[in-house]
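Engineer:
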């Protein structure tokens, strides 16, 4: 097993990469979730799998101190999804 990530910069980068992959491989589900205003419920299994992967690779003290995974979810999913019709924008 490889060492856990203890560098916050690397942990943030990993969180963004995981969420980017969730967006890439589940683009249709992300679009549907945004259009139906139920994104988080719609992709909950994918987000939980991503969160568990993140936690398995990052030192607990970094996970507890920073909110990188959730910030990446908001930043990465919504930034690139503004082109979809939604009730919230």
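In the numbering used here, the protein residues as written are 1 to 89. Beta carbons are placed, not taken as given, at the ideal position from N, Cα and C, and that holds for glycine. As the structure is a computational prediction, the values presented were derived from the model and not from experiment.
1. Does the beta-carbon of residue 74 have 16 or more other beta-carbons within 10 angstroms, so that it is buried, or is it exposed?
2. Kindly indicate which residue of 56, 71, 12 and 72 has the alpha-carbon position closest to the one of residue 4.
3. Spatial neighbours of residue 69 within its chain, please: CB distance less than 6 Å, with the 5 preceding and 5 following residues excluded, ordered by chain position.
4. Does the Cβ-Cβ distance between residue 59 and residue 6 come in under 7 Å?
5. State yes or no: is the C-beta of residue 90 within less than 7 Å of the C-beta of residue 38?
6. Let me confirm a value: residue 27 is counted as buried when at least 16 other C-beta atoms fall within 10 Å, else exposed. Which label applies?
7. Taking its Cβ as the centre, do 16 or more other Cβ atoms sit within 10 Å of residue 9, making it buried, or is it exposed?
8. Quick check on the DSSP output: the alpha helix (DSSP H) that includes residue 62 runs from which residue to which?
9. Going by beta carbon distance, what residues of the same chain come within less than 7 Å of residue 76, once the five residues before and after it are set aside?
Structural biologist: If we stick to the structure as given:
1. exposed
2. 56
3. 15, 51 and 54
4. yes
5. Residue 90 falls outside the range modelled here, since the chain spans only 1 to 89, and no answer is possible.
6. exposed
7. exposed
8. 60-65
9. If the five residues before and after residue 76 are omitted, its C-beta is found closer than 7 Å to the C-beta atoms of 16, 19, 20 and 23, all from its own chain and listed in chain order.
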